[in-house]
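A.B. asks: Have a look at this one before I ask anything.
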Amino acid sequence: MFFLFDCVQKKPQQAAFWKEYLSYQKNIFREYPTGGIRNALFGNLTSEDVYLLQEKDDMLSIDFYLQKTDQGFRNVITTEKIPENVPYQIHVEYFPTFFKDQKTFRMKREMVSILPTYGHLDFFHHVDRLQNFLRSGSNHSSRLALISNTHRYLCYVCHCDSGRVRNASWLLYELNESTKIAYPQFYKRFNKLLNQVSYRITIFKSEEFLNGIELYNEGTKTFLKIPDTSEGYWSKPEVLHIRVSLFIRVYGLEIDIKNLGYKLHFYSSKNYGKITGGFSKLPEKKLAADFLRFFRQAW
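Following numbering that gives the first Met the number 0 from start to finish, the sequence shown increments by one per residue and tops out at 298.
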């Protein structure tokens, strides 16, 4: 939902950034829509995908890059050194390990891309402008659609709305028949998923949880809630915290994960920007099961 920040003021260079980035992702998705190589590249490895990896010194890896051609981009999986100056590349390493006596993998992933300049300060500048725009009383969805191509498009392919509640603005996007017609596979997958999973993601500054931006769902409805803050509040963060809570109900199993914490540090200078991060809080976890229901649905 953060694609909304092209609103209020158009920035050709930033638009070019997203256009290029999304073209890379679309090219990958077209050839690797689900499973297999896509799992290996994006950290969702299963035991059935291990054969796709290269083994060396107790480590498994996969290397991918986009090659520019006269017809567009070509996806390349390679065991050789990746050429220099390719527009997009991914290197993933998997290290076999154990978690509570279960075999699993520790992962290290590196992605390098050549894109038009768009730093994190540009992004947060748009966050701040969006918050001020919504707070100003111009928060009606149709008004936002007049100045945001992304919001206008989302309203075309799904149901959308906006409003105010307790000193905060909210935006709503809900899957509907328009989504089903425009993106049938996406609708089929996420309509089911969003009815099985409830999530809440909060992004906030240190010791200012109540001012945090929230992204959460209620069934197939996805909400973005932005509390009122002073102008400039989001423009130049140095540290941000992310809290994630997730509730999954499927086949009689109920998995409740609360307050997984991640911490981001931002560094910037005139010609340099850097973001580092790491997990800062282990989640609370609960698992419950209705085994009769599990076997009924499994069979």
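Glycine included, each C-beta is placed from N, C-alpha and C at the ideal position. The structure displayed is predicted, hence computed values, not measured ones.
(1) Relative to the alpha-carbon of residue 80, which residue among 89, 287 and 102 has its alpha-carbon at the smallest distance?
(2) Quick one: what's got a C-beta closer than 7 Å to residue 94's C-beta in the same chain, skipping five residues either side?
(3) Hey, residue 159 and residue 174 are a contact pair by Cβ (cut 8 Å); roughly how many whole angstroms apart?
(4) Using a 10 Å radius around the Cβ and a threshold of 16 neighbouring Cβ atoms, would you call residue 287 buried or exposed?
(5) Roughly how many angstroms separate the alpha carbons of residue 142 and residue 23, rounded to a whole number?
(6) Do the CB positions of residue 36 and residue 130 come within less than 8 Å of each other?
(7) Take residue 182 as the anchor and find which of 167, 197 and 153 has the nearest alpha-carbon.
(8) Can you say whether residue 211 is buried or exposed, counting buried as having 16 or more other CB atoms within 10 angstroms of its CB?
(9) For residue 4, count the other beta carbons within 10 Å of its own beta carbon; 16 or more makes it buried, fewer makes it exposed. Which is it?
(10) Using beta-carbon positions only, say whether residue 260 and residue 240 come within less than 8 Å of one another.
(11) So what's residue 101 in DSSP terms, helix, strand or just coil?
(12) Where does residue 17 fall in DSSP's three states?
(13) Please identify the residue among 246, 65, 60 and 126 whose C-alpha is closest to the C-alpha of residue 228.
C.D. replies: Taking the geometry as given:
(1) Comparing Cα-Cα distances from residue 80 to each of 89, 287 and 102, the minimum goes to 89.
(2) These residues qualify, in order along the chain: 58, 104 and 105.
(3) That pair is no contact at about 11 Å.
(4) With fewer than 16 Cβ atoms within 10 Å of its Cβ, residue 287 is classed as exposed.
(5) Their Cα atoms are separated by approximately 31 Å.
(6) Contact flag unset, no.
(7) It is 153.
(8) Classification of residue 211: buried, given that the 10 Å Cβ count is 16 or more.
(9) Low per-residue confidence applies at residue 4: pLDDT is 44, beneath 50, and the placement is therefore not dependable, though the value from the model is reported in the following sentence. By the beta-carbon neighbour count (other beta carbons within 10 angstroms, threshold 16), residue 4 is buried.
(10) A contact, by the Cβ cut-off of 8 Å.
(11) In this structure, residue 101 counts as strand in the three-state DSSP scheme.
(12) Here residue 17 sits in helix by DSSP.
(13) Relative to residue 228, the option among 246, 65, 60 and 126 whose CA is nearest is 126.
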